[in-house]
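Undergrad: First, the structure itself, so that you have it in front of you.
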Amino acid sequence: MSADGIAGGPPPGARADWTIDQGWERYAPGEHRVWITLYERQAALLPGRACDPFLRGLEALDLHRTGIPDFARINEELRRLTGWTVVAVPGLVPDDVFFEHLANRRFPAGQFIRKPEQLDYLQEPDIFHDVFGHVPMLTDPIFADYMQAYGEGGLRAMRLGRLHNLARLYWYTVEFGLLDTPEGLRIYGAGIVSSRGESTYCLDDPRPDRLAFDLMRVMRTPYRIDHFQEVYFVLPSFQRLLDDTLQDFAQIYRRLESLEDLPLRGSGPAASE
Ligand code: PHE
Ligand code: FE
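For what it's worth, my numbering labels the leading residue of the sequence shown as 339, then goes sequentially.
Printed below as a string of structure tokens:
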């Protein structure tokens with residue numbers, strides 16, 4: 339996602355919208371190997387765990403063929419399917435820049451890949467998280483529309499001073515969302531599908547709560563970024579997500595002014611954000 343409070347303009351070498359060339363021909367063989375290792379691990383885990391739209395998107399984009407994928411090649415297919423493109427950025431970008439890209443159906447993806455000793459965790463989203471995690475869902479027409487609407491909604495939430503509430507919606511859907519299907523719970527969140535540990539934990543571990551998706555509740559629930567989630571929200575369908583978020587959030591933000599944040603679980607004191 340985007341970074342809070344980055345001051346000033348783009349770093350040297352980046353364009354005004356923070357994009358850079360991917361420079362695909364400059365990745366080292368060891369960097370391609372990191373991609374292939376991560377890809378193979380997740381591709382083995384995810385059938386029967388990730389939802390069909392994710393798995394179909396992964397196939398359609400053929401994200402394993404060359405090691406780290408070339409955005410130019412991904413974009414030919416993605417543009418044809420839903421009109422989205424992936425653009426390279428050096429790392430986290432300011433909120434307004436991030437939302438502006440989404441509103442124009444461009445997904446900003448980190449250009450760099452993690453080091454071999456960071457296979458299981460790194461704080462900043464790299465190309466594996468951003469492309470393997472996020473891009474397959476952008477091939478789904480409904481989810482593709484939701485992501486664009488989220489970008490427009492982000493710009494608006496900034497103007498209304500409610501970005502902290504809207505960011506929770508992104509967190510509990512785009513990053514850590516689960517989907518209810520006739521075959522059982524399935525993953526669609528990018529933060530889960532790109533993590534070996536969490537892609538089994540979120541479905542199999544008895545500890546986390548798995549609550550039915552409720553927009554108001556999501557916006558009142560803080561989250562932790564340094565830990566597997568203590569709560570997941572389960573959607574009945576992506577259409578439901580799109581329908582719920584079509585409403586005018588200015589009214590929702592007004593209601594939130596007089597409501598407190600909810601504890602992460604049970605009725606104890608709220609866990610701190
Ligand atoms: N409908 C929201 C608004 O009025 C915009 C939005 C759409 C936000 C989709 C998030 C996701 O601000
Ligand atoms: Fe992400």
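Cβ coordinates follow ideal geometry from the N, Cα and C atoms, glycine included.
All of these numbers come straight from a predicted model, not from anything done at the bench.
1) Taking 5 Å as the limit, name every residue whose beta carbon sits nearer than that to some heavy atom of the ligand PHE, in sequence order.
2) Would you report the Cα separation of H402 and R443, rounded to the nearest angstrom?
3) Should V512 be listed as close to the ligand FE, given that the test is whether its C-beta is under 8 Å from any heavy atom?
4) Quick one: grab the DSSP three-state call for T423.
5) Quick one: does the C-beta of G529 sit closer than 8 Å to a heavy atom of the ligand FE?
6) Suppose you measure from the CA of L416 to the CA of V572; what does that come to, to the nearest Å?
7) Would F470 pass as a contact of V372 if the rule is Cβ separation under 9 Å?
8) What residue range does the alpha helix (DSSP H) around P479 cover?
9) Given a cut-off of 9 Å, decide if L517 and C540 are closer than it, judged by their beta-carbon atoms.
10) Pairs of beta-carbons, one from the region 555–569 and one from the region 423–441, closer than 8 Å: are there three or more?
11) Assuming contact is defined by CB atoms lying nearer than 9 Å, are D433 and F576 in contact in what I supplied?
12) Going by beta-carbon coordinates alone, are L580 and A487 separated by less than 9 Å?
13) Could you check whether the Cβ of G471 sits closer than 8 Å to any heavy atom belonging to the ligand FE?
14) Three-state secondary structure (DSSP) at I590?
15) Rounded to whole angstroms, what's the CA-CA distance from Y591 to T404? Just pull it up for me.
16) Rounded to a whole number of angstroms, what is the C-alpha to C-alpha distance between R593 and F587?
17) Can you tell me the Cα-Cα spacing of R558 and T583, whole angstroms?
18) Check whether the Cβ atoms of R506 and V431 lie closer than 9 Å to each other.
19) Which residue marks the beginning of the beta strand (DSSP E) containing V569, and which one marks its end?
20) Is H467 close to the ligand FE? I mean its beta-carbon at under 8 Å from any heavy atom of the ligand.
21) Any heavy atom of the ligand FE closer than 8 Å to the Cβ of P520?
22) Pop quiz: I358 and A352 are said to be a contact at Cβ under 8 Å. What is the actual Cβ separation, rounded to whole angstroms?
23) If I'm right that R379 touches R534 with Cβ under 8 Å, what's the distance once you round it to whole angstroms?
24) Beta carbon of P463: closer than 8 Å to some heavy atom of the ligand FE?
25) Could you check if A382 is buried or exposed, using at least 16 other CB atoms within 10 Å of its CB as the buried criterion?
TA: In this structure, then:
1) Selection output, chain order preserved: A487, Y488, G491, R494, T583, D586 and F587.
2) Cα atoms of H402 and R443: separation of roughly 23 Å, rounded to the nearest angstrom.
3) The answer is yes for V512.
4) Annotated three-state conformation of T423 is strand, per DSSP.
5) Yes; taking the cut-off as 8 Å, the Cβ of G529 has a heavy atom of the ligand FE nearer than that.
6) Roughly 26 Å separates the two Cα atoms.
7) Taking 9 Å as the Cβ cut-off, F470 and V372 do not qualify as a contacting pair.
8) First-last of the alpha helix (DSSP H) with P479: P479 to L498.
9) Taking 9 Å as the Cβ cut-off, C540 and L517 do not qualify as a contacting pair.
10) Contact between the region 555–569 and the region 423–441 is not established, with fewer than three Cβ pairs separated by less than 8 Å.
11) The Cβ-Cβ distance between D433 and F576 does not fall below 9 Å.
12) Judged by their CB atoms, L580 and A487 are nearer to each other than the 9 Å cut-off.
13) Between the ligand FE and G471, a heavy atom-to-CB distance of less than 8 Å is present.
14) Reduced to three states, the DSSP call for I590 is helix.
15) Computed Cα separation, rounded: 45 Å.
16) Inter-residue distance for R593 and F587 is about 10 Å (C-alpha atoms, whole angstroms).
17) Roughly 15 Å separates the two Cα atoms.
18) For R506 and V431, no; Cβs fall outside 9 Å.
19) It spans V569 to L573 - the beta strand (DSSP E) in which V569 sits, taken as one unbroken run.
20) H467 Cβ: within cutoff of the ligand FE.
21) P520 Cβ: outside cutoff for every heavy atom of the ligand FE.
22) Right, the Cβ-Cβ distance comes to about 5 Å (below 8 Å), so this counts as a contact.
23) With a Cβ gap of about 6 Å, R379 and R534 count as contacting.
24) P463 Cβ: within cutoff of the ligand FE.
25) With a threshold of 16 other beta carbon atoms within 10 Å, A382 falls short and is exposed.
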